[in-house]
Amino acid sequence: MRRLIEVGEGDDLLPSILASPLAALSLAYGAIQQFRSTLYRRGTLKARQLPCRVISVGNLVSGGTGKTPLVERLASLLRDQGIRVAILSRGYKGKARQPVSVVSDGERLRLGPLEAGDEPYLLARNLPGVPVLVGVDRYRVGLYACEQFAAQVVLLDDGYQRLSLARDLNLLLLDATRPFGNGWVLPRGLLREPVSALSRAQAVLLTRCQHPPHPSFSVQVARRRLRVPVFQSCHVGDSLFELREGQRAPLDLLQGKRVVAFCGLANPGSFRDLIERLGGRIVHFLPFIDHHRYHGRELREIGELCRSLGTDLALTTEKDGVKLTANGDGTALPFPLWVLRIRMELTGEGEGFERLILRAAGAL
34 MRRLIEVGEG DDLLPSILAS PLAALSLAYG AIQQFRSTLY RRGTLKARQL
84 PCRVISVGNL VSGGTGKTPL VERLASLLRD QGIRVAILSR GYKGKARQPV
134 SVVSDGERLR LGPLEAGDEP YLLARNLPGV PVLVGVDRYR VGLYACEQFA
184 AQVVLLDDGY QRLSLARDLN LLLLDATRPF GNGWVLPRGL LREPVSALSR
234 AQAVLLTRCQ HPPHPSFSVQ VARRRLRVPV FQSCHVGDSL FELREGQRAP
284 LDLLQGKRVV AFCGLANPGS FRDLIERLGG RIVHFLPFID HHRYHGRELR
334 EIGELCRSLG TDLALTTEKD GVKLTANGDG TALPFPLWVL RIRMELTGEG
384 EGFERLILRA AGAL
């Protein structure tokens with residue numbers, strides 16, 4: 034997967050012997066996705082309607098846009114407005130195989146990170162009062178949320194390509210630094226469908242706007258005459274906590290510290306950049322594949338690396354932290370490990386974005 038990400042980000046990394054076969058596969062895959070979208074747009078295929086409001090959060094590029102912090106923010110916003118909200122997820126990489134699995138009923142956790150998947154478990158742990166459910170058939174999962182939890186709004190996590198489910202708001206996330214990858218769909222690139230799918234978005238949220246947006250976004254917006262609200266956001270550090278003891282510390286703990294950092298993210302570079310912006314001095318950085326499951330041997334090697342380099346602390350993401358032990362509390366770790374909690378911060382029209390969400394939820 035690490036190699037797949039690299040190949041998708043630049044043609045200079047793609048061996049020429051693979052370029053033509055992958056391009057042919059990408060063209061075929063893109064045509065299939067475009068044809069499928071056309072069938073739904075023309076009504077040949079019908080999207081099913083849940084008996085509640087549906088807000089979809091998704092992207093065009095595989096992974097790495099920061100959906101999880103956004104879904105958490107949206108769920109908190111709706112919950113705090115007194116709206117009964119539930120989160121629907123596929124539960125990617127989770128072991129749960131039931132048609133509907135309840136990660137949290139809003140009061141207690143029912144599944145661990147291995148069964149639920151790391152992202153649904155993280156959302157469930159951080160969002161008391163919000164049911165989190167996983168399953169492949171989002172309509173069936175959503176119906177369960179409405180019937181069992183009286184959900185008034187469901188958040189469809191990673192739902193942009195789930196055309197079989199009608200929604201009240203189709204929110205598209207794009208990484209401002211590389212909104213369309215290298216422009217190719219899978220497998221030569223990382224696009225899940227052609228850039229023409231941008232036209233389905235009812236609102237766009239650019240993430241990682243601490244960097245200037247890549248010009249390709251403006252080009253595509255102009256080319257497709259897209260007339261939807263566009264918002265900007267960035268990911269910032271929220272807090273630090275030590276996984277074994279639960280000790281908390283302010284972000285300035287990182288200032289000038291020698292850090293060994295590791296993560297299993299689709300876009301590990303964003304984690305590295307954030308550590309450096311917070312003043313950490315990275316002496317060694319270990320990027321694992323997205324949704325990586327850590328083994329005892331790997332953790333022992335990281336501990337040895339920290340000792341041999343004389344580092345001040347080891348650091349990982351909250352998403353990685355929840356799955357480092359079976360129960361997610363870190364008590365079995367062979368070394369002290371700090372976790373950097375990340376949140377999404379809207380820049381500019383934050384109030385306008387919240388009004389858009391509340392309107393889609395029927396609260397305005």
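For my numbering, count along the sequence shown from 1 and bump the result up by 33.
From the three backbone atoms N, C-alpha and C, an ideal C-beta is built for every residue, glycine too.
When you compare only the Cα positions, how much space is there between residue i and residue j?
i	j	result
residue 262	residue 174	30 Å
residue 61	residue 312	46 Å
residue 302	residue 214	14 Å
residue 264	residue 87	20 Å
residue 193	residue 93	8 Å
residue 393	residue 204	11 Å
residue 283	residue 207	30 Å
residue 260	residue 228	16 Å
residue 66	residue 322	26 Å
residue 300	residue 179	34 Å
residue 373	residue 249	31 Å
residue 397	residue 109	17 Å
residue 73	residue 89	16 Å
residue 144	residue 135	7 Å
residue 132	residue 155	21 Å
residue 244	residue 209	7 Å
residue 274	residue 78	48 Å
According to DSSP, is residue i helix, strand or coil?
i	result
residue 344	coil
residue 67	helix
residue 294	strand
residue 185	coil
residue 129	coil
residue 378	strand
residue 208	strand
residue 82	coil
residue 357	coil
residue 236	strand
residue 220	coil
residue 282	strand
residue 197	coil
residue 320	strand
residue 94	strand
residue 335	helix
residue 175	helix
residue 314	strand
residue 203	strand
residue 253	helix
residue 144	coil
Based on the DSSP secondary-structure assignment, which residues constitute the bridge partners of residue i?
i	result
residue 247	In DSSP, residue 247 forms no bridge with anything.
residue 122	167
residue 59	BP columns for residue 59 are empty, so no partner.
residue 349	372
residue 275	371
residue 135	166
Between residue i and residue j, is the Cβ-Cβ spacing less than 7 Å?
i	j	result
residue 11	residue 118	Since the first and last residues shown for the chain are 34 and 397, residue 11 lies out of range.
residue 217	residue 95	no
residue 107	residue 188	yes
residue 76	residue 268	no
residue 198	residue 177	no
residue 146	residue 355	yes
residue 349	residue 296	yes
residue 406	residue 211	Missing from the structure shown is residue 406; the chain here goes from 34 to 397 and no further.
residue 346	residue 292	yes
residue 184	residue 85	yes
residue 102	residue 122	no
Flag this pair as touching only if the segment 374-392 and the segment 316-332 have three or more C-beta atom pairs under 8 Å; answer yes or no.
-> no
Taking one C-beta from the segment 239-249 and one from the segment 115-128 each time, how about it: are there three or more such pairs within less than 8 Å?
-> The segment 239-249, when compared against the segment 115-128, does not touch it at the 8 Å Cβ threshold.
At a cut of 8 Å, does the segment 152-168 reach the segment 134-143 through at least three beta carbon pairs?
-> yes
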